[in-house]
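Rendered as structure tokens:
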């Protein structure tokens, strides 16, 4: 009997199969639009707004990873950016398209796994991730970093929000080994500033901080249970 030889991509897929199949989970998650989920609001992240206010970047070409119902993609389009926004859930893409139509902005929403994207190298001025990274398993982090590096132009920016370890919204305080022992991300991994610095050491760090708490009347989304980070290629 001939022995099968597995390559690196095969091994990644094997490890993927140990964990929850995310597509159906996220479709179910976005089906009920009325449930009490903080980021179902139609407001952009406070850190993203601050980056424009501080003029770290202005309009350009943007790739958003895990766009959900499209609130940040629509904000970016309103700022004059050309936006490609990706999500694994067809339900979230439908919702995002409806919101964009209501807001009268153009966004290229893409229904895809981020690791299956066909992107041109150096195509984007900004890669933005609001809550996708903490659902990425440890064995996929290098794939994620390589995706961001490939997407960005020289000196381009990468910005993200993710769970604080043990935060009120989530942020499992488990080790990378525990992910595979438990066969679960426990709803999303929690991170510290030190861990983000180590993972994204190949980028220039502009800032890493707790997201600022915002009120609904501000029309900006901000909760203290998330970390906000800005890096430069």
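Numbering (our numbering), first residue to last: 26 to 258.
Think of the CB as a built atom: it goes at the ideal place given N, C-alpha and C, for glycine as much as any other residue.
Around the CB of residue 31, fewer than 16 other CB atoms lie within 10 Å, so the residue is classed as exposed.
Put simply, the stretch 214 to 221 touches the stretch 191 to 201. At least three CB pairs are less than 8 Å apart. Between the C-alpha atoms of residue 49 and residue 93 there is a straight-line separation of about 14 Å.
In the displayed model, residue 149 falls within a strand according to three-state DSSP.
When the beta-carbon positions are compared, residue 255 and residue 158 stay at least 9 Å from each other. Here residue 55 is buried: its Cβ has 16 or more other Cβ atoms, across all protein chains shown, within 10 Å. Shortest Cα-Cα distance from residue 107 to any of 52, 83, 63, 239 involves 83. Here DSSP, grouped into helix, strand and coil, assigns residue 70 to strand. Per DSSP, the unbroken beta strand (DSSP E) holding residue 107 starts and ends at 107 to 112. The Cβ atoms of residue 225 and residue 182 lie no closer than 9 Å to each other. Following the DSSP letters along the chain, one finds residue 173 inside the alpha helix (DSSP H) bounded by residues 166 to 176. 102 is the residue among 47, 36, 102, 58 whose C-alpha sits nearest the C-alpha of residue 74.
Under the DSSP definition of a beta bridge, residue 244 lacks any partner.
Bridge pairing for residue 252: 187, 235 [DSSP]. Taken through DSSP and simplified to helix, strand or coil, residue 37 comes out as helix. Taken through DSSP and simplified to helix, strand or coil, residue 155 comes out as strand. For the 9 Å CB-CB criterion, residue 222 and residue 253 do not form a contact.
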